[in-house]
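J.:
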Amino acid sequence: MVSGADAIVVGAGPNGLAAAIELARAGRSVRVIERADEVGGGTRTAQLTLPGFCHDVCSAVHPLAVGAPFLRSLALERHGLELCYPAVQAAHPLDDGSAVALYRSVHETAAGLGELDRAAYVGLVEPLAHGWEALAPFVLGPPLRTMPKLPRGALPAVRFALAGLRSARGLARRSFAGERARALLAGMAAHAIQPLGAPGTAAFGLVLLTLGHAIGWPFARGGSQAIAAALVAELEALGGEVQTGREVRSLGDGDDLIGAKAILLDVTPRQLLALCNTTGDRALPAWYRAALRAFRYGPGVFKLDYALSGPVPWTAPECGGAGTVHLGGSLAEVASSELAVARGRHPKRPYVLVAQQTLVDRSRVPAGSAAHTLWAYCHVPNGSTVDMTAAIEGQIDRFAPGFHDLVLARAVRGPAQVEHYNPNNIGGDINAGAASLRQTFARPIPLLIPYATPNPRIFICSSSTPPGGGVHGMCGYHAARAALSRALR
Numbered sequence: 001m002v003s004g005a006d007a008i009v010v011g012a013g014p015n016g017l018a019a020a021i022e023l024a025r026a027g028r029s030v031r032v033i034e035r036a037d038e039v040g041g042g043t044r045t046a047q048l049t050l051p052g053f054c055h056d057v058c059s060a061v062h063p064l065a066v067g068a069p070f071l072r073s074l075a076l077e078r079h080g081l082e083l084c085y086p087a088v089q090a091a092h093p094l095d096d097g098s099a100v101a102l103y104r105s106v107h108e109t110a111a112g113l114g115e116l117d118r119a120a121y122v123g124l125v126e127p128l129a130h131g132w133e134a135l136a137p138f139v140l141g142p143p144l145r146t147m148p149k150l151p152r153g154a155l156p157a158v159r160f161a162l163a164g165l166r167s168a169r170g171l172a173r174r175s176f177a178g179e180r181a182r183a184l185l186a187g188m189a190a191h192a193i194q195p196l197g198a199p200g201t202a203a204f205g206l207v208l209l210t211l212g213h214a215i216g217w218p219f220a221r222g223g224s225q226a227i228a229a230a231l232v233a234e235l236e237a238l239g240g241e242v243q244t245g246r247e248v249r250s251l252g253d254g255d256d257l258i259g260a261k262a263i264l265l266d267v268t269p270r271q272l273l274a275l276c277n278t279t280g281d282r283a284l285p286a287w288y289r290a291a292l293r294a295f296r297y298g299p300g301v302f303k304l305d306y307a308l309s310g311p312v313p314w315t316a317p318e319c320g321g322a323g324t325v326h327l328g329g330s331l332a333e334v335a336s337s338e339l340a341v342a343r344g345r346h347p348k349r350p351y352v353l354v355a356q357q358t359l360v361d362r363s364r365v366p367a368g369s370a371a372h373t374l375w376a377y378c379h380v381p382n383g384s385t386v387d388m389t390a391a392i393e394g395q396i397d398r399f400a401p402g403f404h405d406l407v408l409a410r411a412v413r414g415p416a417q418v419e420h421y422n423p424n425n426i427g428g429d430i431n432a433g434a435a436s437l438r439q440t441f442a443r444p445i446p447l448l449i450p451y452a453t454p455n456p457r458i459f460i461c462s463s464s465t466p467p468g469g470g471v472h473g474m475c476g477y478h479a480a481r482a483a484l485s486r487a488l489r
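Numbering follows the working numbering, with no gaps: position 269 of the sequence shown is 269.
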């Protein structure tokens with residue numbers, strides 16, 4: 001590759017790599033620069049506990065690796081990516097010893113909700129699951145552009161919008177009479193890391209339920225790093241280049257950045273301001289910098305990774321086959337936990353997300369052993385320094401008595417460590433910005449093309465742009481399309 005490139009992408013997370021691939025597919029020369037010694041951003045895997053135990057450092061469950069139009073178009077299985085699907089996509093245990101299970105089948109899932117809510121669940125979710133192909137561009141595009149132009153097959157988008165704009169708590173109470181269905185929706189919607197009474201939180205729950213039925217909730221065999229490796233392989237096959245171990249502190253940091261026609265930044269607004277401030281105030285106008293400073297980050301996460309001597313002894317059998325388990329009890333309890341976090345408090349019984357990758361991927365533990373890994377985190381106030389280990393393990397023990405006896409080793413990461421590992425996770429915020437209703441529609445600021453900046457060379461391709469967090473590559477794809485229409489015509 002020639003020393004100069006048409007475009008430079010700073011950051012080799014899924015969005016940065018997606019942006020580079022789309023640029024390369026359009027025939028532009030592109031170089032990706034990554035500060036870490038390995039690519040991946042939120043899709044990295046490491047032996048965090050004991051030798052031979054491979055843990056996903058950040059993201060773990062990947063329905064959008066198949067459900068997002070851009071990643072699906074790449075056919076990454078050509079580069080060795082293999083996805084593993086659990087028998088139960090997700091489970092939500094309750095204190096009576098049972099669990100609500102999310103299966104690929106809408107009707108099988110509905111049957112577990114009881115007679116009160118079986119029909120209501122099918123009526124709410126089945127049209128969305130059947131219409132995902134038409135719904136995906138609407139859900140995963142920039143809202144200010146896609147809302148006026150409903151996609152092909154507009155009915156699923158209308159259904160989604162009418163229900164998704166509600167609060168998760170309001171939708172659960174309006175749609176369902178029983179606690180089982182309400183708890184299932186609460187556990188899904190809590191992925192928003194917002195109070196469940198906030199407008200728009202229902203959308204998170206509906207998207208995750210829809211993906212569970214339309215796609216499934218798979219893991220990448222060998223770890224999430226396999227997704228990044230496949231993306232790099234695709235980029236290199238197209239002639240692109242990746243440089244690791246190089247930190248960009250300024251947009252004038254190197255001849256390749258100075259000479260590039262377009263610079264795409266897989267960073268959040270705080271880092272964008274820092275990068276541009278070092279090149280002088282002329283890089284971005286004052287009004288835009290002021291708008292970026294108003295961008296708000298959300299709560300952080302406190303994460304634990306375990307090496308276990310055997311499978312988790314869940315009381316509810318559905319949890320034993322579930323790739324993902326939501327621990328939090330009833331709708332009221334999950335809502336109370338998330339509201340406490342939003343108010344700067346640490347709940348005694350936090351909502352906990354658990355992933356059991358080794359149920360379907362035995363390559364992550366030493367060969368021939370009965371061992372397992374476990375991935376778990378809870379939400380905490382941004383920048384929290386409180387150790388939540390006991391609270392998380394209390395929730396696991398609540399639904400899996402005897403769990404402590406299986407622990408061989410644990411790795412602990414609070415918000416500071418989460419941010420140190422990935423600087424986009426400000427204060428431990430893994431969504432690169434609060435997923436409030438305002439910041440869903442105007443992320444990072446209200447613009448029809450939010451990936452572009454007033455500087456014709458500078459674009460943002462991180463999760464701080466629509467559609468936000470998740471391993472889908474759509475932020476990078478949309479940013480690349482913006483760059484191709486403006487700076488790289």
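Ideal Cβ placement from N, Cα and C applies to all residues, glycine included.
Report the three-state DSSP secondary structure of valine 39 (helix, strand or coil).
T.: Indexing the sequence shown from 1 puts residue 39 at position 39. Looking at valine 39 - three-state DSSP - the assignment turns out to be coil, as it is neither helix nor strand.
J.: Relative to the alpha-carbon of leucine 155, which residue among Leu135, Pro142, Ala168 and Val66 has its alpha-carbon at the smallest distance?
T.: Walking along the sequence shown from the start, residue 155 turns up at place 155. Out of Leu135, Pro142, Ala168 and Val66, Leu135 has the C-alpha closest to the C-alpha of leucine 155.
J.: Could you spell out where the beta strand (DSSP E) holding arginine 180 opens and where it closes?
T.: Sequence index remark: in the sequence shown, residue 180 carries index 180 (1-based). Careful: arginine 180 lies outside any beta strand (DSSP E), inside the alpha helix (DSSP H) at 179-189.
J.: Just mark threonine 385 as buried or exposed, buried being the case when its beta carbon has 16 or more other beta carbons within 10 Å.
T.: As a working mapping, residue 385 is identified with position 385 in the sequence shown. So threonine 385 ends up on the exposed side.
J.: Based on Cα-Cα distance, which residue from Ala87, Leu235, Asp305 and Glu77 lies nearest to isoleucine 392?
T.: The residue labelled residue 392 in the question sits at position 392 within the sequence shown. Taking only the C-alpha atoms, the option nearest isoleucine 392 is Asp305.
J.: Classify aspartate 281: buried if its beta carbon has 16 or more other beta carbons within 10 angstroms, exposed otherwise.
T.: Your numbering for residue 281 matches position 281 in the sequence shown. Low confidence applies to aspartate 281: its pLDDT is 48, below 50, so where it sits in the model is not reliable, and the reading given next is rough at best. Classification of aspartate 281: exposed, given that the 10 Å Cβ count is below 16.
J.: In the DSSP assignment, find the alpha helix (DSSP H) that holds cysteine 378 and state where it starts and stops.
T.: Residue numbering aside, residue 378 sits at position 378 when the sequence shown is read from its first letter. Where cysteine 378 is concerned, there is no enclosing alpha helix (DSSP H), although the beta strand (DSSP E) it sits in stretches over 372-380.
J.: What number of angstroms, rounded off, separates the C-alpha of alanine 294 from the C-alpha of leucine 273?
T.: Reading the sequence shown from its first residue, position 294 is the one you call residue 294. Reading the sequence shown from its first residue, position 273 is the one you call residue 273. Each residue's alpha carbon lies about 12 Å from the other.
J.: Our contact map puts glycine 216 next to glutamine 89 with C-beta atoms below 8 Å; I'd like the distance itself, whole angstroms only.
T.: Reading the sequence shown from its first residue, position 216 is the one you call residue 216. Reading the sequence shown from its first residue, position 89 is the one you call residue 89. Indeed they touch by this definition, with Cβ atoms about 6 Å apart.
J.: Grab me the residues of arginine 296's own chain with a C-beta within less than 8 Å of its C-beta, minus the 5 sequence neighbours each way, in chain order.
T.: Residue mapping note: residue 296 aligns to position 296 of the sequence shown, counting from 1. These residues qualify, in order along the chain: Gly433, Ala434, Ser436 and Gln439.
J.: Who are aspartate 305's beta bridge partners in DSSP?
T.: Mapped onto the sequence shown, residue 305 falls at position 305. DSSP output for aspartate 305 lists Trp375 and Ala411 as bridge partner(s).
J.: Using the DSSP secondary-structure output, state which residues sit across from glutamine 243 in a beta bridge.
T.: The sequence position of residue 243 within the sequence shown is 243, counting from 1. For glutamine 243, which the question treats as bridged, DSSP gives the partners Ile33.
J.: Mind checking who serine 167 pairs with in its DSSP beta bridge?
T.: Translated into positions along the sequence shown, residue 167 becomes position 167. Paired residue(s): Pro199.
J.: Within this structure, are the beta carbons of leucine 124 and alanine 163 separated by less than 9 Å?
T.: Residue 124 sits at position 124 when you count from the first residue of the sequence shown. Residue 163 sits at position 163 when you count from the first residue of the sequence shown. Yes.
J.: Under DSSP, the alpha helix (DSSP H) around glutamine 47 begins and ends at which residues?
T.: Taking the first residue of the sequence shown as position 1, residue 47 is located at position 47. From DSSP, glutamine 47 is part of no alpha helix (DSSP H); its letter is neither H nor E.
J.: For the structure I just gave you, are there three or more beta carbon pairs, one from the segment 441-453 and one from the segment 317-336, closer than 8 Å?
T.: Result no; under three Cβ-Cβ pairs closer than 8 Å.
J.: Short of 8 Å in beta carbon distance, which residues of its chain neighbour threonine 490, apart from the five on each side in sequence? Order them along the chain.
T.: The chain is shown only over 1 to 489; residue 490 falls outside these bounds and no answer can be derived.
J.: Looking at leucine 264: is its Cβ nearer than 9 Å to the Cβ of alanine 36?
T.: What you label residue 264 is simply residue 264 of the sequence shown in a count that begins at 1. What you label residue 36 is simply residue 36 of the sequence shown in a count that begins at 1. No; because the gap between Cβ atoms is not below 9 Å, this pair is not in contact.
J.: By the three-class DSSP mapping on this structure, what secondary structure does cysteine 319 have?
T.: Taking the sequence shown and counting its residues from 1, the one referred to as residue 319 is at position 319. Helix, per DSSP.
J.: By Cβ distance below 8 Å, which residues in the same chain neighbour alanine 376 in space, the five residues on each side in sequence not counted?
T.: Position 376 of the sequence shown holds residue 376. Excluding positions up to five away in sequence, the list reads Lys303, Leu304, Asp305, Tyr306, Val352, Leu353, Val354, Ala355, Ile392 and Ile396.
J.: DSSP three-state call for aspartate 405: helix, strand or coil?
T.: Your numbering for residue 405 matches position 405 in the sequence shown. Correct three-state label for aspartate 405: helix.
J.: Quick check: proline 415 and asparagine 382, are their CB atoms within less than 9 Å of each other?
T.: Residue numbering aside, residue 415 sits at position 415 when the sequence shown is read from its first letter. Residue numbering aside, residue 382 sits at position 382 when the sequence shown is read from its first letter. Yes; because the gap between Cβ atoms is below 9 Å, this pair is in contact.
J.: Using the rule of at least 16 other Cβ atoms within 10 Å of the residue's Cβ for burial, across every protein chain shown, is glutamate 108 buried or exposed?
T.: The residue given as residue 108 occupies position 108 in the sequence shown. Answer is exposed; the Cβ neighbour count stays below 16.
J.: If you check the beta carbons only, do leucine 231 and leucine 406 fall under 9 Å apart?
T.: Translated into positions along the sequence shown, residue 231 becomes position 231. Translated into positions along the sequence shown, residue 406 becomes position 406. Going by C-beta atoms, leucine 231 is not nearer than 9 Å to leucine 406.
J.: Hey, could you find the ends of the beta strand (DSSP E) valine 352 is sitting in?
T.: Position 352 of the sequence shown holds residue 352. 352-355 is the extent of the beta strand (DSSP E) around valine 352.
J.: Around the C-beta of alanine 203, are 16 or more other C-beta atoms found within 10 angstroms, so that it is buried, or is it exposed?
T.: Along the sequence shown, one-based indexing puts residue 203 at 203. That one is buried.
J.: Helix, strand or coil: which one does DSSP assign to cysteine 58?
T.: The sequence position of residue 58 within the sequence shown is 58, counting from 1. Coil, per DSSP.
J.: By how many angstroms is the C-alpha of serine 250 removed from the C-alpha of glutamate 34?
T.: The count along the sequence shown starts at 1 and reaches residue 34 at position 34. The count along the sequence shown starts at 1 and reaches residue 250 at position 250. Cα to Cα, the separation comes out at about 14 Å.
J.: Decide if the segment 361-373 is in contact with the segment 44-60; the criterion is three or more beta carbon pairs, one per stretch, under 8 Å apart.
T.: The segment 361-373 vs the segment 44-60: in contact.
J.: Might you give, ordered along the chain, the residues of its own chain that have their beta carbon closer than 7 Å to the beta carbon of glutamate 126, omitting 5 neighbours on each side?
T.: Looking up residue 126 in the sequence shown gives position 126. Val106.
J.: How many angstroms separate the CA atom of alanine 480 from the CA atom of glutamate 22?
T.: By one-based count along the sequence shown, residue 480 stands at place 480. By one-based count along the sequence shown, residue 22 stands at place 22. Each residue's Cα considered, the two are about 6 Å apart.
J.: Output the residue ranges of the beta strand (DSSP E) runs that lie fully inside the segment 93-158 and measure 3 residues or longer, sorted by chain position.
T.: Here the runs fully enclosed are 99-102.
J.: Nearest by alpha-carbon distance to leucine 339: which of Pro446, Ala68, Ser167 and Ala119 is it?
T.: Here residue 339 refers to the residue found at position 339 when the sequence shown is read from its first residue. Leucine 339 has its Cα closest to that of Ser167, out of Pro446, Ala68, Ser167 and Ala119.
J.: Using CA coordinates, which residue listed in Gly170, His472 and Ile426 is at the minimum distance from leucine 331?
T.: Counted from its first residue, the sequence shown places residue 331 at position 331. The option with the nearest alpha carbon to leucine 331 is Gly170.
J.: Go ahead and pull the three-state DSSP assignment for aspartate 281.
T.: Along the sequence shown, one-based indexing puts residue 281 at 281. Residue confidence for aspartate 281 is low, a pLDDT of 48 falling below 50, so the modelled location carries little weight; the figure read from the coordinates is stated next. Correct three-state label for aspartate 281: helix.
J.: Rounded to a whole number of angstroms, what is the C-alpha to C-alpha distance between alanine 129 and glutamate 247?
T.: Your numbering for residue 129 matches position 129 in the sequence shown. Your numbering for residue 247 matches position 247 in the sequence shown. Between alanine 129 and glutamate 247, the C-alpha separation is close to 42 Å.
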